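K.L.:
Here the sequence shown is numbered in our numbering, starting from -10 and rising by one per residue. Ideal placement from N, C-alpha and C gives every residue a C-beta, glycine not left out. All of these numbers come straight from a predicted model, not from anything done at the bench.
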Amino acid sequence: MLRKGGSVMKRRTLSGIFAACVVMLTVVSQRATVGGQAGPNVAAEEKLAATVSETRMVETVRRLVSFGPRMYGTPSNYEAADWLAGSFREAGLEVTVRRDSPRDWYQPVSWDVRAAGEAPGRAAVVLKTVWPSFGSPSAKGEGPLSLEAAPGAVCLTSANPTLETTTGCAAVLFDGRPSASGWPGINRLRGTWTIPVFAVSPREATPLRQRLAAGDKMRVSFAVEAKIGNAAGHTVVATLPGKDRTKYVLFCAHGDSDSGGPGANDNGSGVAIVLEIARTVAAAVRSHAIPQPAWDLRFAAWGGEISSTREYLAAMDKDAARLQAVVNFDQSGFGSSKNALYVEPDDVAPNRGLITIVRAVMKDHLATRGFPEHAASIKSQGGTDSYVFQGSRTPGATVYPAITIYTSAWDREQVVPVTEGLPPFNWYPGEKPGMVTVDGDAFYHSVGDTPANTTDTEPFNMGWCARVGLVSVLRLMSVQ
């Protein structure tokens, strides 16, 4: 998730898409009569939601991370896309793999860095937190560890490495950009490098510094294999046919790790949710547990965050079907300090009906099995794929109802104002009136964004997001 903020331009909206949303609370895909008045069949929704498998989503994230960073156009992007396409087909969906415009790409394949004292008999220690900086070339070698740039040395620095400040070094260890969790952030190199640069955590670099300060001479060996190229990104789009094939709702998530790191929570979690919703709905339709959806349901795993989404949007005028709404998932599998569900943006006019539906689903199922106990809708924060559908660069372009459902944003908590009339549900005590705290992910954009640190520990986060997103879309289709 690229959280950079930004406003959403209000352009002409889809005419009449949510005209009936004001009566949303009285109609759902499966209706019940309560006190003589029609209302949501909450029990039926919960029965369907119970078939969402958190275990399966955890396994999906692990599989995606095992392919590599999955960055646009890379071999790991292709491996992940092939696996996802096969998984959607196994679930019974129609699948296409889009080839987005070619772009330059970089992917580290394997690496190893070890440090040892120069005295005989000193065993080498593997540095477990190292990660090649984006743009590091393939290389193999060794040299004395040095805190200064020196010919043939492996240079340890806390200053952002540049070509000028590392002249003569055989390799560089950089410990100056740790994440909130202490794991090293993924560094992107500027220019063309002939030596590798490895991000390393302060917890591994500090003992090395201490040993050098104590006069212990040390040597570091390193090896890295990296690939570069220029190729199309692969975006997987799967479709579950609806009764009316001229309309569809899009579930989506960016398939790349965004930072170039492991990318479990950002954004293996989002892709796992998209696949799980597809599997759940397809199985329910096959078993006649629910009827065929009113409209097509599409599921997309973008080859690259924002960039692939823009290409999809640009090609939509060639599509006979008409997009009705977008439900995006990003950083949806973990939160460092709270257990809460968020949806945004709730301050954009075209989203009014869709946000109303999602908030009603949150409220109706609050604290029931498989649903969150704390939930909130949030103002526009920007920086994720749903905003592409509301920020086209083409003047006068259609603005689509598009939301993102998630459990954390950025690398740490952020306090944001509540949209008037849309307070959070069952929120934590002590919050400043009119404000709500959005949880962060301390492993954001770092080497530590692994399944073991994030999605494995809180699989219920993905469960909440999948269930709220699925039930909300079923309600949306019922009001049209």
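Return the residue from the list M451, Y67 and R358 that minimises the CA-CA distance to G244.
P.N.:
Y67
K.L.:
Go ahead and label T197 buried or exposed: buried means 16 or more other beta carbons lie within 10 angstroms of its beta carbon, across all protein chains shown.
P.N.:
Contrary to the premise, residue 197 reads as Leu rather than Thr in this sequence. So L197 ends up on the buried side.
K.L.:
Could you tell me the alpha carbon to alpha carbon distance between D335 and P384, rounded to whole angstroms?
P.N.:
23 Å
K.L.:
Tell whether a beta-carbon distance below 9 Å holds between N450 and S258.
P.N.:
yes
K.L.:
Using 8 Å for Cβ pairs, my map puts Q379 next to E333. What's the rounded Cβ distance?
P.N.:
Q379 to E333, Cβ: 11 Å. No contact.
K.L.:
Please tell me whether A398 and D430 are closer than 9 Å, where the distance is taken between their beta carbons.
P.N.:
yes
K.L.:
According to DSSP, W494 sits in a beta bridge with which residue or residues?
P.N.:
There is simply no residue 494 to check, as the chain begins at -10 and stops at 469 in what is shown.
K.L.:
Tell me whether the beta-carbon of A169 lies closer than 9 Å to the beta-carbon of Y433.
P.N.:
yes
K.L.:
Which class does S366 belong to by DSSP, given the choice of helix, strand or coil?
P.N.:
strand
K.L.:
According to DSSP, is G106 part of a helix, a strand, or is it coil?
P.N.:
Three-state result, G106: strand.
K.L.:
Taking just the CA atoms, how far does P406 sit from G458?
P.N.:
24 Å
K.L.:
Per DSSP, which one or two residues make a beta bridge with A333?
P.N.:
The sequence shown places Glu at residue 333, rather than the Ala named in the question. DSSP lists T393 as partners of E333.
K.L.:
Is the stretch 102 to 112 touching the stretch 166 to 181, taking contact as three or more C-beta pairs under 8 Å?
P.N.:
no
K.L.:
Exposed or buried, Q199, counting other C-beta atoms within 10 Å across all chains shown (16 or more means buried)?
P.N.:
When all chains shown are included, Q199 counts as exposed.
K.L.:
Considering only their Cβ atoms, is the gap separating A314 from A391 smaller than 9 Å?
P.N.:
Cβ distance < 9 Å, so A391 and A314 count as in contact.
K.L.:
State the Cα-Cα distance for the pair Q19 and I394, rounded to the nearest angstrom.
P.N.:
Any answer about Q19 is weak, because its pLDDT of 41 lies below 50 and its placement is not dependable; what the coordinates show is given next. Straight-line Cα distance between these residues: approximately 23 Å.
K.L.:
Could you compute how far the alpha carbon of K421 sits from the alpha carbon of V404?
P.N.:
9 Å
K.L.:
Can you list, in chain order, the residues of its chain with a C-beta nearer than 7 Å to that of A80? Leave out the 5 residues immediately preceding and following it.
P.N.:
A267, R268 and A271
K.L.:
Report the partner residues of F318 according to the DSSP bridge assignment.
P.N.:
Answer is I394, bridged to F318.
K.L.:
Would you call the stretch 350 to 365 in contact with the stretch 287 to 296, where contact means no fewer than 3 C-beta pairs closer than 8 Å?
P.N.:
Three or more beta-carbon pairs separated by less than 8 Å are not found between the stretch 350 to 365 and the stretch 287 to 296, which leaves the two stretches without contact.
K.L.:
For the stretch 24 to 89, which segments carrying the beta strand (DSSP E) assignment without a break, of at least 3 residues, lie completely within its bounds, in sequence order?
P.N.:
26 to 29
K.L.:
So P121 and W94 are in contact, right, with Cβ under 8 Å, and what is the actual spacing, rounded?
P.N.:
Their Cβ separation, rounded to whole angstroms, is 14 Å, which puts P121 and W94 out of contact at 8 Å.
K.L.:
Across the stretch 116 to 132 and the stretch 224 to 244, are there enough close Cβ pairs to call them in contact, namely three or more that are closer than 8 Å?
P.N.:
no
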